[in-house]
Each structure stands twice: as structure tokens, then as C-alpha cells.
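Asker:
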Amino acid sequence: MENKSSTKGLAIASMALGIFSIVGSQGGLVGIAAAVLAIIFAYKVKKAGQENQFSTVGRVTAFVGIALQIANTISAIIAVVGIIFWYFMFFLFIVLLSVLGGDAGAVYEFEDFVSNLSVIM
């Protein structure tokens, strides 16, 4: 069984890492690593029988940080899929316009537009 001062240090570290996991949820793996460590430290404090408010805050904020990271990942995937879908529909519209209108120049203008965008980005 660990002494009270070491478990208090783990509890404070759990709280600090849990709070950082919320702030670092925009940073990818750093926020997840902080959340995992916060949960591990809070579990060690609980296992030692010295659970306090710091370890509870650390555990709760770690789970909030993980939830925010999951939400950020899902929204990023939706954004990328939406952009790809929008470009596909735009290209399909240009191709249909050129096929139905008999003007193949629209396809070449779209190709120039996309190449200019890639240079800018």
C-alpha cells in the first residue's frame, strides 16, 4: 500500500493530466495520452484506498477529454467526406453540362480551376 503523500501526488497529477486532456483534445495523440495517464493514476489512487477529489476530477476530465477527441475525429471525417462529395458533385455537374451542351471546353476549364487551387493550397 502506498503512503498518503505519494497517492496525493498521483491524484494531483491525474487532475492536471485530465484537465490537459481537455485542452489537448485538439492536438491528437497528446490529449489521448494525457487522458490515459490520468485514468491510470486515478485508478492507482483508488486502488490504494486514498481516493480524493483530485483523483475524481482527474478521472472525469480524462473521460471528457476522450469524448472531445472522439467528437473532433468524427467531425473531421464528416468534413473531409463532405468536401470530397461536394467536389465529386461539382465535377459531375461540369461533365454533364459539357456532354449535354456539347461543349468540351467546360471540362478543361474545370481542370485548370482545380490545378490553380492546388497551386494556391
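Here the sequence shown is numbered in this note's numbering, starting from 82 and rising by one per residue.
Glycine residues also receive a C-beta, built at the ideal position from the N, C-alpha and C atoms.
Taking T142 as the reference, which of L110, V195 and V117 has the closest Cα?
Answerer: Checked all of L110, V195 and V117; the closest Cα to T142 is V117.
Asker: Just the Cα atoms here: how many angstroms apart are L47 and V145?
Answerer: Here the chain has residues from 82 to 202 only, and residue 47 is not among them.
Asker: At the level of alpha carbons, what is the spacing between I100 and Y168?
Answerer: 39 Å
Asker: For A160 and E192, I'd like the C-alpha separation in whole angstroms.
Answerer: Those two C-alpha atoms are separated by around 23 Å.
Asker: By the three-class DSSP mapping on this structure, what secondary structure does Q131 have?
Answerer: coil
Asker: Measuring straight from C-alpha to C-alpha, what distance separates V162 and V195?
Answerer: 18 Å
Asker: Do you know how far the Cα of I165 is from the Cα of M82?
Answerer: Confidence is the limiting factor: at M82 the pLDDT is only 49, short of 50, which leaves the residue's position unreliable, though a coordinate-based value still follows. If you take the alpha carbons of M82 and I165, they lie about 56 Å apart.
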